[in-house]
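Per this note's numbering: the sequence shown ends with 241, consecutive numbering throughout.
Read the structure below first, then the notes.
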Amino acid sequence: MNKKYTVALTDAEREELNMCISTGENKAYKIKHAHILLKADTKGAGWTDKQIAEAFSCHHKTVYNVRRRFVEMGLSGALDRSKREHPPTPRKLDGEAEARLIALSCSEPPEGFGRWSLRLLASELVRLEIVESISPETVRQTLKKRIETASCSTMGDPA
83 MNKKYTVALT
93 DAEREELNMC
103 ISTGENKAYK
113 IKHAHILLKA
123 DTKGAGWTDK
133 QIAEAFSCHH
143 KTVYNVRRRF
153 VEMGLSGALD
163 RSKREHPPTP
173 RKLDGEAEAR
183 LIALSCSEPP
193 EGFGRWSLRL
203 LASELVRLEI
213 VESISPETVR
223 QTLKKRIETA
233 SCSTMGDPA
């Protein structure tokens with residue numbers, strides 16, 4: 083059976099994979115992918131996908147995908163996971179909405195409150211129709227990300 087994606091490693095690539103495996107400083111998936119490539123090498127062990135999958139406790143599709151990425155993207159493409167182009171859920175706050183959140187958090191809190199809470203900021207963003215809905219956790223993450231650029235006197239210590 084002719085495989086569509088055959089792995090033929092050079093000596094330098096084989097050495098790099100062996101270093102990846104032996105140092106113990108890499109992530110588990112990266113070490114597994116290195117093992118897969120070494121066993122799939124036509125100049126080396128030349129194992130079948132099924133043998134490799136059984137030996138490393140993974141699905142045969144994983145073996146296929148690692149081989150495919152090696153042929154299409156090279157060694158680094160096969161070892162590293164690809165970064166998503168788009169996050170699984172769209173961002174609630176764009177740049178303008180983030181700026182309005184920061185400005186709001188630096189303003190005086192509503193009457194009866196000593197300072198802005200995350201829940202209060204979230205409800206105010208909805209009331210002002212900046213966003214349709216937002217959780218206090220999203221507000222916290224946004225403020226934490228932007229805290230260096232947003233310094234105002236009303237934002238007290240979190241303690």
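Glycine residues also receive a C-beta, built at the ideal position from the N, C-alpha and C atoms.
Notebook entry, point to check: Since Asp123 sits in a beta bridge, which residues does DSSP pair it with?
Noted result: Residue 123 sits at position 41 when you count from the first residue of the sequence shown. Val89.
Next item on the list: Throw me the rounded Cβ distance for the Tyr87 and Arg149 pair, which I believe falls under 8 Å.
Entry: In the sequence shown, the residue the question calls residue 87 occupies position 5. In the sequence shown, the residue the question calls residue 149 occupies position 67. Confirmed, Cβ separation roughly 4 Å.
Notebook entry, point to check: Looking at C-beta atoms only, is the number of pairs between the stretch 189-203 and the stretch 157-176 that lie closer than 8 Å three or more?
Noted result: In short, these stretches do not touch, since the Cβ pair count stays below three.
Item checked: Identity of the residue in Ile212, Glu190, Asp93, Arg209 nearest Leu157 by Cα -> Taking the sequence shown and counting its residues from 1, one reaches residue 157 at position 75. Ranking Ile212, Glu190, Asp93, Arg209 by Cα distance to Leu157 puts Asp93 first.
Note to self: Helix, strand or coil for Ala94? Go by DSSP, reduced to three states.
What the structure shows: As a working note, residue 94 is residue 12 in the sequence shown. Secondary structure at Ala94: helix, using DSSP grouped into helix, strand and coil.
Margin query: Rounded to whole angstroms, what is the Cα-Cα separation between Val145 and Ser205?
Written below: Residue 145 sits at position 63 when you count from the first residue of the sequence shown. Residue 205 sits at position 123 when you count from the first residue of the sequence shown. One C-alpha to the other measures close to 48 Å.
Check: Which stretch, first to last residue, makes up the alpha helix (DSSP H) that contains Pro218?
Finding: By 1-based counting over the sequence shown, the position of residue 218 is 136. Looking at the DSSP string, the run of the alpha helix (DSSP H) that includes Pro218 is 218-228.
Check: Quick one: what does DSSP say Arg166 is sitting in, helix, strand or coil?
Finding: For the purposes of this step, residue 166 is taken as residue 84 along the sequence shown, with counting starting at 1. DSSP, read as helix, strand or coil, puts Arg166 in coil.
Next item on the list: Confirm, please, whether the CB-CB distance from Lys121 to Ala90 is below 9 Å.
Entry: Walking along the sequence shown from the start, residue 90 turns up at place 8. Walking along the sequence shown from the start, residue 121 turns up at place 39. If you check the CB distance, Ala90 and Lys121 do not come in under 9 Å.
Next item on the list: Specify whether the stretch 207-226 and the stretch 179-196 touch according to this definition: at least 3 beta carbon pairs, one from each stretch, less than 8 Å apart.
Entry: Result yes; three or more Cβ-Cβ pairs closer than 8 Å.
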